[in-house]
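Chemist: So the protein lines, in turn, are chains D and W.
Note that the working numbering has the first sequence beginning at 267, numbered continuously upward.
Note that the working numbering has the second sequence beginning at 216, numbered continuously upward.
We put the CB at the ideal spot given by N, CA and C, even for glycine.
The structure presented is a predicted model; accordingly, all values stated were derived computationally and were not measured.
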Amino acid sequence: MAKLTLDDLRKLRDEKKQAMNQRDAEGKTAQVIIGMGTCGIAAGAKAAFDAFLDEMDKTGVTHATIKQTGCMGLCFSEPTVEVKMEGMPDVVYGNVDEDTARRIVRDHLKNKTLVSDHIFDKPSTDIIKD
Amino acid sequence: MHATLCDLIMDLVQNSVEAGASEVELTVRETGKQIAFSVKDNGKGMSRDVQAKATDPFYSDGKKHAHRRVGLGLPFLFQTADAVGGRATVESEEGRGTLVEFRAAADHVDLPPFGDFAAAATMMISQAGSFELRIAREIDSDRYTLSRTELEETLGDLNDTQNLMLMKTYICSQEEDLRKAG
């Protein structure tokens, strides 16, 4: 890769933005919140963050934003990721490694089904499949 | 324990942001012989008393999680420094800010791998809050710098995944260039 300048970056952004506006006008309807305390970092929050970015880019998921927070107090289930999305219950996923992050993008964000085996905070027993 | 040096760095920057800093300066310097990094912030700082306890893994101010009696961020840094015959230091003044420094020999067998700096920087820069993070990355006499404010002005919303992807590509290109030069 050639070394980019800030101007190159600005141009790339404008190109992407045009493509994005055509594809998606409805805006952001989902939030992915990744815990980034000492516990999260030690458990691999960076790998999860990276996998989220990569999978969203690959699968064309543009309706979600990524945010970070400190320790959520669930150190034993890190990396911990909260997903909020319109039309879906708020869910906290635990032990989110790279693969799980990719599944959350495909199943939860794209196909609107929960990744049941990684749900930490169960929203309600009747909507989870064992 | 943190798997890479980048994880240690991320932890320190996260501490600074959580300490309410509006300015954070991160320097990461590699030479053939040594690897060193420092994080300087103008956050709330620590009193002498707290500073003395901050490297104890069984100390936490107890404000964030009332029943959790551990705090492992700085202890991980000191443990790593000890394990590789390196040095970690913390200087802090209450109300003024904190400076944390780490350095170690680059060839020590127990030194954790450096890690993926582009991904770490993307994560550090896109943390919530309004603060300036300046990163100076150096290998030998070559360097590049990043500024959070500048990247935000260039890209816009730093929670947008497309923008984050672009930022990572940008930082990757700087890293590659630096490695080639260095």
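Note down, in chain order, all residues in the region 229-243 of chain W with a beta-carbon under 7 Å from any beta-carbon belonging to chain D.
Modeler: Here the close residues are Q229, E233.
Chemist: Looking at the C-beta of A291 of chain D, does it have a partner C-beta in chain W at a distance below 7 Å?
Modeler: Reliability fails at A291 of chain D, whose pLDDT of 47 lies under 50, so the model's placement of it is uncertain and the value that follows must be treated cautiously. Not an interface residue.
Chemist: What residue range does the alpha helix (DSSP H) around M322 of chain D cover?
Modeler: Its alpha helix (DSSP H) spans residues 311-325.
Chemist: Indicate whether R369 of chain D and V381 of chain D have their beta-carbon atoms separated by less than 7 Å.
Modeler: It is a contact, given that the beta carbons lie within the stated cut-off.
Chemist: Under the three-state reduction of DSSP, which class applies to N378 of chain W: helix, strand or coil?
Modeler: In the structure shown, N378 of chain W sits in a helix (DSSP, three-state: H, G or I).
Chemist: Hey, does L375 of chain D have any beta-carbon neighbour from chain W nearer than 7 Å?
Modeler: Not one chain W Cβ lies under 7 Å of L375 of chain D.
Chemist: Using a C-beta to C-beta distance shorter than 8 Å, which residues of chain W count as neighbours of M302 of chain D?
Modeler: Residues of chain W passing the Cβ test: M225, Q229, M338, Q342.
Chemist: Against K279 of chain W, what residues of chain D qualify as contacts under a CB-to-CB distance less than 9 Å, listed in chain order?
Modeler: Going along chain D in sequence order, the residues near K279 of chain W (Cβ under 9 Å) are G303, G336, C337, G339.
Chemist: Tell me, please, which residues DSSP counts as bridged to T242 of chain W.
Modeler: Bridge partners of T242 of chain W: W:S253, W:A351.
Chemist: Please classify Y485 of chain W: does DSSP put it in a helix, a strand, or coil?
Modeler: The first residue shown for chain W is 216 and the last is 397, placing residue 485 of chain W beyond what the model contains.
Chemist: Using a 10 Å radius around the Cβ and a threshold of 16 neighbouring Cβ atoms, would you call E321 of chain D buried or exposed?
Modeler: E321 of chain D comes out buried.
Chemist: Looking at C-alpha atoms only, which residue of W:S275, W:K268, W:A251, W:R394 is the closest neighbour of R284 of chain W?
Modeler: The shortest C-alpha separation from R284 of chain W is found at W:S275.
Chemist: Where does the unbroken alpha helix (DSSP H) through K268 of chain W begin, and where does it stop?
Modeler: Its alpha helix (DSSP H) spans residues 263-268.
Chemist: Less than 7 Å between the beta carbons of K333 of chain D and A343 of chain W, yes or no?
Modeler: Against a cut-off of 7 Å, the Cβ pair of A343 of chain W and K333 of chain D comes out as a contact.
Chemist: How about S262 of chain W: is its C-beta nearer than 7 Å to some C-beta of chain D?
Modeler: No, no contact with chain D.
Chemist: Is it the case that the region 364-382 of chain W contacts the region 254-264 of chain W, given that we only count it when at least three CB pairs across the two stretches are under 8 Å?
Modeler: These segments do not touch.
Chemist: Please report the straight-line C-alpha distance between E306 of chain W and L314 of chain W, rounded to a whole angstrom.
Modeler: If you take the alpha carbons of E306 of chain W and L314 of chain W, they lie about 5 Å apart.
Chemist: Going by Cα to Cα distance, which pick from W:F291, W:G247, W:R311, W:Q229 is closest to F273 of chain W?
Modeler: Checking every option, the nearest Cα to that of F273 of chain W belongs to W:F291.
Chemist: Do F346 of chain W and S237 of chain W have their beta-carbon atoms positioned less than 7 Å apart in this structure?
Modeler: Contact flag set, yes.
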